[in-house]
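Chains as they are written, first to last, in the working numbering: chain A, 1 to 449; chain B, 1001 to 1505.
This is how it looks when you write it as structure tokens:
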């Protein structure tokens, strides 16, 4: 395969059969449409390219900025496409909750504007919702924008009626599957694909998957939020079902670990929702209900894997910390007993001042560099607690002959580390009781450098 | 949609296709729940003092202040919790707080006089908001802390102190429009505070007026429910404090304002079901559940939902002291990702908060008598109450919550049979005087003479905008407390933390 531009690599993604040993359906062949293999990483590459392409020449001529309300994958694709054409890209959103994607967008040169949160002191007569303000700015004089408008742009759907849909039919040897299951975000892919499949076979059943109202799965809307999407038409779907974030992660793990498909949680949700939905039908086919012709015939189902797993490590870690098990740590503060901490050497401000004159202990300030720089005990060195924790894991960071005074804001952290260092064999380490705050309140000197 | 079917335990609630009771039960903690169980007493009070009647619970506000204190405590933070007085006019609440470990922030001359008269010493009072010369003078005269709103105000205050030969006054600078690292956050522009970019100019003025003003800190007050926006502002304040220190000033306080929120509803599922039903009703997919199809900010644009829900998020699992705790645990990206609480603590800064609504959570109740129950031409039940819409202010603040129905015998009506949907109308001769624009589902149809209790209305709802329009009475207010297992009460202005009617406690 030889291409002149990366955009030519968009589309023509594989349709991969999921091993029945994994999904357990006896009469239904299950296929995953691997949209994660698009060059910028998601199904949104198709829509972004299809929507932007038409206006690019004009935008380049006017030096327009490409703008979109997007929380992730569409923005990612548009940022790349804009960059390839020498244009800047701005994403406006209040839905961007995946920090890795935010960072990636910044890396790609995108400008991100986050919409404000809801007002605490509500003014019910205020009709200016953030989106209205956004559209007002777009139509303002003196600005030049290429607004791709994914939630209302028919070319979003068209990318799938000309691409994704026909590809599925072609790979199923000219047939439509019996079921098509898609997560609903902009509704572009589900609407476009469903249209093509129904033209081939009106009997195809379309399942739309949404998230629970109080839940969050990246790229999926909730049952209420889908109504805010211009492309959403309830008649597209034979049924709408909801998937939880736990289920999405469960599905994601199955796809990654057992199928070798490194899908993100949206793909996981699609897989989980698909298998759950089809289970009942599969049982029905087994029990032999339905027409004689229906018995014995194999059925097929297709779901979409929207994007890749890598960006969602933080999302997953937050919900399933168990998946990120770490080996036990040596010399960890967390292992200390309350008794050990209580018996750690402590010294108050007055005695510490005398001790510092007589024994010249090493004073270690465990606060952040910013706080240390602002005000600290003269002669203290700064090792921020996070770093100190790493340091002591490998052993004592100073000789046993050297007395040490540990200092933190209120003497709590320093007491823990004093206990830890004592356990590690240091004979004379003390914690400043009450910390820097007590030191300051006692009128002892602090310096700023 | 050909048919809607929900599977899985997580979303059993499908969109209803026919009218059904859409309850929004108020969240009641033990003290307020107990008061509502004392229905006979409440009837006696309304019989004696008229409808509507406001009841406040001073012991609750002290308990709420303690919870905020505890959130400080777990993070070893010093500083003070200031009750934003504007949330409620009650004397009992302010006097009770004066006897607790709390402070008060006042936003007018009247509030300052009230706070001083309620027993707050100037070291526990902060003057905030827009100020007129008299307010500024009394603040400077008595030596309360002034939260300076603008450059002009700082100049005016310094001039006042100097010309009247008053003692040097403690000030905080209220900042706004914070910039931050990473992505740009579009915050709602505020009328209040000085842009953080003008700090330099403000600090020059502070130095110029060093004989008249002592800078003790900086702060912000953002009108948003977003933790991220507030975290960014807090980070901005720490940077501003650093700039102060860099000039040799020694401020100690970061004031993060209020806006910690209240969770009004007992059940999140009811809130989710209600807002889904409202969406469906706006889109014409179910019968209307609001007066004349009111959409609370939502509208139907050719089948697509437009606008935004202009409602207070009535079910908020994270509100009040828990919201504060969550905010303090957020990382500060420009300070190495240290949690904000750690950042404050390490820099030896004290924390000021100004909760209003959150501090009077569960502190009050508006009672109104049912005057008339009738049917409209459209066949809807209309219940007219002895109150005006502004007496409860729920609708004005977008707080949706069911009232509690108290029968004549004092017993709270419970859901035995089929709940009935009613619209609640006020006593003004105006079409717009609806207590709620949504259909409220009561356990049964109320009868004239019975009471409806609007619970948890002490924050902004109770008397924030009451008027004597049409010569209708403004609600009287009583304070109620529990002693030896029973409820006691007195007029709000008679309440003092040390005495009880009939003598000293």
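Each residue gets a CB set at the ideal place from its N, CA and C atoms; glycine is no exception.
Residue i to residue j span [Cα, whole Å]
i              : j              : result
residue 1106/B : residue 1144/B : 10 Å
residue 86/A   : residue 207/A  : 40 Å
residue 286/A  : residue 273/A  : 20 Å
residue 1102/B : residue 1073/B : 14 Å
residue 1166/B : residue 1123/B : 16 Å
residue 1373/B : residue 1228/B : 47 Å
residue 1013/B : residue 1140/B : Reliability of the predicted coordinates at residue 1013/B is poor, the pLDDT of 38 falling under 50, and the value obtained from them is presented with this limitation in mind. Those two C-alpha atoms are separated by around 58 Å.
residue 305/A  : residue 267/A  : 4 Å
residue 434/A  : residue 347/A  : 9 Å
residue 1308/B : residue 150/A  : 19 Å
residue 1258/B : residue 1337/B : 24 Å
residue 219/A  : residue 48/A   : 15 Å
residue 64/A   : residue 144/A  : 5 Å
residue 1017/B : residue 1311/B : Bear in mind that a pLDDT of 38 at residue 1017/B, under 50, signals an unreliable position, so the number given afterwards is only what the model happens to contain. In a straight line, the C-alpha of residue 1017/B is about 23 Å away from that of residue 1311/B.
residue 167/A  : residue 12/A   : 7 Å
residue 1346/B : residue 1290/B : 52 Å
residue 411/A  : residue 1453/B : 50 Å
Nearest to residue i (by Cα), restricted to the options the options
i              : options                           : result
residue 215/A  : 1488/B, 1061/B and 1269/B         : 1269/B
residue 437/A  : 337/A, 407/A and 323/A            : 407/A
residue 4/A    : 22/A, 84/A and 26/A               : 84/A
residue 1094/B : 1077/B, 1231/B and 1062/B         : 1062/B
residue 429/A  : 9/A, 442/A, 359/A and 387/A       : 359/A
residue 1261/B : 1125/B, 1289/B and 1362/B         : 1362/B
residue 350/A  : 239/A, 297/A, 374/A and 445/A     : 445/A
residue 1293/B : 1282/B, 1497/B, 1316/B and 1370/B : 1282/B
residue 343/A  : 420/A, 366/A, 324/A and 121/A     : 420/A
DSSP-derived helix/strand/coil call for residue i
i              : result
residue 216/A  : coil
residue 249/A  : helix
residue 1083/B : strand
residue 297/A  : coil
residue 412/A  : helix
residue 440/A  : helix
residue 1103/B : strand
residue 44/A   : helix
residue 287/A  : helix
residue 1120/B : coil
residue 121/A  : coil
residue 359/A  : helix
residue 1183/B : coil
residue 1467/B : coil
residue 1289/B : coil
residue 1456/B : coil
Sequence-distant residues of its chain with Cβ nearer than 6 Å to residue i (five each side left out)
i              : result
residue 76/A   : 40
residue 312/A  : 264 and 265
residue 970/B  : Outside the shown range of chain B, which is 1001 to 1505, sits residue 970/B, and nothing can be said about it.
residue 96/A   : 71 and 102
residue 1051/B : 1368, 1369 and 1386
residue 1147/B : 1126, 1128, 1172 and 1174
residue 1087/B : 1356, 1357, 1360, 1459 and 1460
residue 1068/B : 1081 and 1321
residue 1316/B : 1261 and 1263
Same chain only: Cβ atoms within 8 Å of residue i, ignoring 5 sequence neighbours per side
i              : result
residue 1334/B : 1180, 1181, 1235 and 1239
residue 1472/B : 1388, 1427 and 1428
residue 1491/B : 1476, 1477, 1478 and 1479
residue 988/B  : Residue 988/B is absent from the structure shown; chain B starts at 1001 and stops at 1505.
residue 1223/B : 1188, 1190 and 1259
residue 1150/B : 1193 and 1194
Beta-bridge partners of residue i, as assigned by DSSP
i              : result
residue 205/A  : 179/A
residue 1364/B : 1056/B
residue 147/A  : 67/A
residue 431/A  : 346/A and 406/A
Spatial neighbours of residue i in its chain, beta-carbon cut-off 7 Å, leaving aside the 5 residues before and after
i              : result
residue 1251/B : 1215, 1216, 1217, 1218, 1241 and 1244
residue 1343/B : 1238, 1332 and 1335
residue 389/A  : 333
Partner residues on chain C for residue i, Cβ-Cβ distance less than 7 Å
i              : result
residue 1223/B : Looking for chain C here will not work: the only protein chains present are A and B.
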